[in-house]
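Mapping of the sequence shown onto UniProt numbering: residues 1 to 683, in sequence order.
Encoded as structure tokens, the structure appears first; notes follow it.
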Amino acid sequence: MFQDNPLLAQLKQQIRENIPKKEGVIRASDRGFGFLEVDEKTSYFVPPPYMKKVMHGDRVSALIRTEKEKEVAEPDALLEQAVTRFVGRVKMFRDRLNVVPDHPLIKDAIKARAKKGLDEKSFKEGDWVVATLKRHALSDGNFSAEISHKIADQEDHNVPWWVVLARHNLAQIEPADLPEWNVIEEEELPRTDLTAVPFFTIDGAKTKDMDDALSIRKLDNGWELLVAIADPTAYVAEGSELDKEAAQRAFTVYMPGRNVPMIPRTLSDELCSLKEGEERNTLCARLLIAEDGLLLEETEFFAARICSHARLNYDEVSDWAEHGKELTIDAGVMAQLPLMKAMTEARIAWRTEHALVFPDRPDYDFELGENGAVLAIHVEPRRIANRMIEESMIAANICAGRVLGKSVGYGIFNVHTGFDEESLDGAIDLLKSAEAPFEKEEIASLTGFCALRRWIDNLDTRWLDGKIRRFQSYALMSAEPGAHYGLGLDAYATWTSPIRKYGDMVNHRLLKAVIAGKTPGERPSQELTEHLTECRRLHRRVERDIGDWLYVRYLKADAGTDKVFNAEIIDVMRAGLKLRLQENGAVVFMPARHILDNKERLECNWDNGRVYLDKTEVVYELGQIIEVKLTEAVEDTRSLIAKPAVDLVPGPAPEAPVADSAVTESTAAESTDAPAEAAPKAE
Numbered sequence: 001m002f003q004d005n006p007l008l009a010q011l012k013q014q015i016r017e018n019i020p021k022k023e024g025v026i027r028a029s030d031r032g033f034g035f036l037e038v039d040e041k042t043s044y045f046v047p048p049p050y051m052k053k054v055m056h057g058d059r060v061s062a063l064i065r066t067e068k069e070k071e072v073a074e075p076d077a078l079l080e081q082a083v084t085r086f087v088g089r090v091k092m093f094r095d096r097l098n099v100v101p102d103h104p105l106i107k108d109a110i111k112a113r114a115k116k117g118l119d120e121k122s123f124k125e126g127d128w129v130v131a132t133l134k135r136h137a138l139s140d141g142n143f144s145a146e147i148s149h150k151i152a153d154q155e156d157h158n159v160p161w162w163v164v165l166a167r168h169n170l171a172q173i174e175p176a177d178l179p180e181w182n183v184i185e186e187e188e189l190p191r192t193d194l195t196a197v198p199f200f201t202i203d204g205a206k207t208k209d210m211d212d213a214l215s216i217r218k219l220d221n222g223w224e225l226l227v228a229i230a231d232p233t234a235y236v237a238e239g240s241e242l243d244k245e246a247a248q249r250a251f252t253v254y255m256p257g258r259n260v261p262m263i264p265r266t267l268s269d270e271l272c273s274l275k276e277g278e279e280r281n282t283l284c285a286r287l288l289i290a291e292d293g294l295l296l297e298e299t300e301f302f303a304a305r306i307c308s309h310a311r312l313n314y315d316e317v318s319d320w321a322e323h324g325k326e327l328t329i330d331a332g333v334m335a336q337l338p339l340m341k342a343m344t345e346a347r348i349a350w351r352t353e354h355a356l357v358f359p360d361r362p363d364y365d366f367e368l369g370e371n372g373a374v375l376a377i378h379v380e381p382r383r384i385a386n387r388m389i390e391e392s393m394i395a396a397n398i399c400a401g402r403v404l405g406k407s408v409g410y411g412i413f414n415v416h417t418g419f420d421e422e423s424l425d426g427a428i429d430l431l432k433s434a435e436a437p438f439e440k441e442e443i444a445s446l447t448g449f450c451a452l453r454r455w456i457d458n459l460d461t462r463w464l465d466g467k468i469r470r471f472q473s474y475a476l477m478s479a480e481p482g483a484h485y486g487l488g489l490d491a492y493a494t495w496t497s498p499i500r501k502y503g504d505m506v507n508h509r510l511l512k513a514v515i516a517g518k519t520p521g522e523r524p525s526q527e528l529t530e531h532l533t534e535c536r537r538l539h540r541r542v543e544r545d546i547g548d549w550l551y552v553r554y555l556k557a558d559a560g561t562d563k564v565f566n567a568e569i570i571d572v573m574r575a576g577l578k579l580r581l582q583e584n585g586a587v588v589f590m591p592a593r594h595i596l597d598n599k600e601r602l603e604c605n606w607d608n609g610r611v612y613l614d615k616t617e618v619v620y621e622l623g624q625i626i627e628v629k630l631t632e633a634v635e636d637t638r639s640l641i642a643k644p645a646v647d648l649v650p651g652p653a654p655e656a657p658v659a660d661s662a663v664t665e666s667t668a669a670e671s672t673d674a675p676a677e678a679a680p681k682a683e
């Protein structure tokens, strides 16, 4: 009687139109329910039946109803779907193809079909695939996806690498080689013969793409440093197909155990790599450094032909410098190492006083077996040899920034503004609460920002450092010269890694034009600089994602044991703490329930970067080092869960409990390490 009744349909529509609506983003939990996040402080509960129509991250319009005296959100219209192209695993139901997205908060299988031309019978349970969401339940009544290609079998030991690269739509192999390689030199760019000069390289023991060589001599009032950089632009013509491919890739992708070069390996590892005893084309800079470490304005860039006289590695040079271990190397090179050490120490001292020097943080090296198994994770501290190369490259890039800024007016510059305009008020409020002796206008300037960072670095705790980084801007690539607050420099343009970074290739071509007295090429487009910026961030995520996978595999045996790890608190979230294990660099999550069973008494306060017991007692804070034990290592979500090594023993409970949090462990597992990532690096 009421079926297809137009009056009833009209009445229902009128009722719906009178129900309050809110727009927001769906945040799923790992227990079936979710939340409609309207803004930072407002969210509405989404019951499990309604969550069947949406996915984590969807932006929707929802009806706000009252059910059982509680406001709930019913998703009503899809505004922007979070998932389009995704990586997942094949799941077979009654011989029908389904795919489960590889996401910690999307667990339901989606009906799927293979793309035209693919045989559905070729897929089997557990295969890793790339798929595209074709239908969405909120707008189309159900979810369905199309599988475009297979990534790997579930037994493939390369799964972490292939899956992460596929997720971010990155190539698994280097660009195709050319039939032959010819030098494409202009007559206006003669190369100085420096093959007799005793250049040397210092790299990792396994490095093949060696792109920088050094030579130093003492002057009466300081040092002359020659920096020779590999020159792939001698082989790759601007605008060629290979050049376009390099621009698209933007960087060599470095991952635990392997890399995917930006240019063919014949160039990166052979023809351009500055191998010992082999002549190579290079772009060079002659730097003058005063006795106190000041980098003088006088810099000469020129093209040259060099021959490395020694291939050194970081450990052997550091062992010589720090422990007096003997080095059996070319005498001309050996005589330069004390000069390199003295120059490096002078530059560090000068930059510490007048600019900024990053705190020493170790690198973590994965030792992998033939089948991809993690045999060990080695802690590699920043030693004197690392600093020799780092200080030489920073100095060379400062000089490139000066020359490009003055002689060309554009290039690829690394810029960092310190604090964005909209974050300055929040930053100064935080600093005032910490009784920091700085004003808003002061920290907005380069000199003031440097003074602030030096003041923070000298504090006894790392809490304020962790907090202030939340307000710092990200480093960007720009065609315009600009200051790099994170380094404390007026201008910074990298050119020292052209076989790994496309922006450095661009700067090489501009510097060559300056050397030859020719009109430089076109100003890099905003599209290119934005692409380079995004790719740099993307590649860091790739390295982190693969690392998380390998960490879970490596630490699985320690989960549930009494092994104790030292861990630094790197983020405080409503659901718990994110920490980094100092022994191996793994990021772990400690849920609030593992800190205290009665979590009503516990408040994990993101705004303050602290964990409070009974509202007032601070039990943990950003930057603090604590002891933890691993409780779980979940490979499906690549998450490590921890608990305090020593239980928190509280006193009696207060009368007014602290409200519980709605954030879940899985939400925490997928979040980014913003405070660390926001800190700019010397590229």
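Yeah, the Cβ is synthetic: ideal placement off N, Cα and C, and Gly gets one too.
In this text the structure is predicted, and so the values were computed from the model without any measurement.
A buried status is given to His-56, since no fewer than 16 other beta-carbon atoms sit within 10 Å of its beta-carbon. Here Tyr-485 carries a coil assignment [DSSP, helix/strand/coil]. Within its own chain, the residues whose Cβ lies closer than 8 Å to the Cβ of Leu-274, once the five positions on either side in sequence are excluded, are Phe-199, Thr-201, Met-210, Asp-211, Asp-212, Ala-213, Ala-228, Ala-230, Arg-280, Thr-282, Ile-306 and Ser-308, listed in chain order. Taking all protein chains shown into account, Ser-139 has fewer than 16 neighbouring C-beta atoms within 10 Å of its C-beta and is therefore exposed. A distance below 7 Å between beta-carbons, with the five flanking residues on each side excluded, links Arg-27 to the following residues of its chain, in chain order: Gly-34, Phe-35, Glu-37, His-56 and Thr-667. With contacts defined as CB atoms closer than 9 Å, Gly-486 and Leu-312 fail to qualify as a contacting pair.
If you check the CB distance, Ala-395 and Ser-318 do not come in under 9 Å.
In this structure, Arg-580 lies away from Ala-592, with their beta-carbon atoms at least 9 Å apart.
Burial of His-539 is indicated by the presence of at least 16 other C-beta atoms within 10 angstroms of its C-beta.
Between Leu-532 and Ala-250, the gap from beta carbon to beta carbon is short of 9 Å. Contiguous alpha helix (DSSP H) elements confined to the region 308-341 occur at 314-323 and 331-334, taking only those with 4 or more residues. In the displayed model, Ala-247 falls within a helix according to three-state DSSP.
Burial check for Thr-447: the Cβ neighbour count within 10 Å stays below 16, so the residue is exposed. At a cut-off of 3 residues, the continuous stretches assigned as beta strand (DSSP E) that sit fully inside the region 426-491 are 476-478.
Counting along the chain, the unbroken beta strand (DSSP E) around Met-590 starts and ends at 587-591.
Sixteen is the threshold: since fewer than 16 other Cβ atoms of the shown chains lie within 10 Å of the Cβ of Lys-615, the residue is exposed. Contact between the region 86-99 and the region 143-161 is present: three or more C-beta pairs spanning the two stretches fall below 8 Å. In the DSSP assignment, Gly-576 falls within the beta strand (DSSP E) that extends over 576-581. Looking at the DSSP output, Met-343 sits in no beta bridge, so it has no partner there. In the three-state reduction of the DSSP assignment, Pro-232 falls in the helix class, which pools H, G and I.
In this chain, the alpha helix (DSSP H) harbouring Asn-507 covers 502-516. Between Thr-637 and Gly-560, the C-beta gap is not smaller than 9 Å, which leaves the two residues out of contact. One thing to note: Arg-85 has its Cβ within 9 Å of the Cβ of Asn-169. Comparing alpha-carbon positions, the option among Val-588, Glu-439 and Tyr-612 lying closest to Asn-598 turns out to be Tyr-612. In chain order, Cys-307 place their CB closer than 7 Å to the CB of Glu-278, counting only its own chain and leaving out the 5 sequence neighbours on each side. Per DSSP, reduced to three states, the secondary structure at Asp-140 is helical.
For Thr-299, the beta-bridge partners assigned by DSSP are Leu-287. Rounded to the nearest whole angstrom, the C-alpha separation of Ile-499 and Pro-232 is 6 Å. By the C-beta criterion, the region 474-485 is judged not to be in contact with the region 335-349, since fewer than 3 inter-stretch pairs fall below 8 Å. Taking the C-beta atoms as reference points, Ile-398 is found no nearer than 9 Å to Asn-507. Taking a contact as a CB-CB distance under 8 Å, the pair Trp-463 and Gly-609 counts as one, their CB atoms being some 6 Å apart.
Short of 6 Å from the beta carbon of Thr-529, and not among the five residues preceding or following it, lie these beta carbons of its own chain, in chain order: Met-477, Ser-478 and Ala-479. Secondary structure at Leu-555: helix, using DSSP grouped into helix, strand and coil. According to the DSSP secondary-structure assignment, Lys-206 is paired through a beta bridge with no residue.
Less than 9 Å divides the Cβ of Ile-569 from the Cβ of Tyr-620. Within 10 angstroms of the beta-carbon of Lys-629 lie 16 or more other beta-carbons, which makes it buried.
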